[in-house]
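Participant: The sequence shown: position 49 = 49 (this note's numbering), numbered continuously. Just so you know, even glycine gets a beta-carbon here, dropped at the ideal spot from N, CA and C. Below you will find the structure I want to go over with you.
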Amino acid sequence: MAHAQSIRVDAVVIDETHQFTLTQLVQVCGTEPERLVAMVDEGVLSPQGEAPEHWRFSGSELARARKALRLSRDLELGPGGTALVLQLLDEIDALRRQLEAFRPR
Numbered sequence: 001m002a003h004a005q006s007i008r009v010d011a012v013v014i015d016e017t018h019q020f021t022l023t024q025l026v027q028v029c030g031t032e033p034e035r036l037v038a039m040v041d042e043g044v045l046s047p048q049g050e051a052p053e054h055w056r057f058s059g060s061e062l063a064r065a066r067k068a069l070r071l072s073r074d075l076e077l078g079p080g081g082t083a084l085v086l087q088l089l090d091e092i093d094a095l096r097r098q099l100e101a102f103r104p105r
């Protein structure tokens, strides 16, 4: 007899123009403020604003924060290692876009 499995999918569509405060980003990402501050310090995230209480994060920064948190958890990386991996992934994406521009259509 086959066992029925239930799958739950949670998804939220975020408009790129939506801005998050640090407190909101902490809630959405389910993490501690210190982890996000460390990501800003390492250059993983680039909020608008000078001080944490004035920071505003875009929708793309939310996606990047969640990606960084997954990498950190899955690969057991610290903030510096996470920043390095994200930088390398960004470079790979840029190289792929350049390569795509040279391919005949």
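Could you give the distance in angstroms between the alpha-carbon of T31 and the alpha-carbon of Q48?
Facilitator: Roughly 20 Å between the two C-alpha positions.
Participant: In the structure shown, what three-state DSSP assignment does R56 receive?
Facilitator: R56: strand per DSSP, three-state reduction.
Participant: For V40, I'd like the list of residues in its chain whose CB is within less than 7 Å of its CB, leaving aside the five on either flank, ordered along the chain.
Facilitator: Taken in chain order, the residues that qualify are P47.
Participant: Return the residue from the list R103, R96, A68 and V28 that minimises the CA-CA distance to G43.
Facilitator: Closest by alpha carbon: A68.
Participant: Please classify Q48: does DSSP put it in a helix, a strand, or coil?
Facilitator: Of the three classes helix, strand and coil, the one that applies to Q48 here is strand, per DSSP.
Participant: Just to confirm the assignment, what range does the alpha helix (DSSP H) spanning R96 have?
Facilitator: Run containing R96: P79 to F102, per the alpha helix (DSSP H) assignment.
Participant: Please look up how many angstroms separate the CB atoms of V28 and P52, rounded, as I've assumed it's under 8 Å.
Facilitator: Wrong, their Cβ atoms sit about 16 Å apart, outside the cutoff.
Participant: Using C-beta distances below 6 Å, list every residue in its chain close to V85, excluding the 5 sequence neighbours before and after it, in chain order.
Facilitator: So the qualifying residues of the chain are L71.
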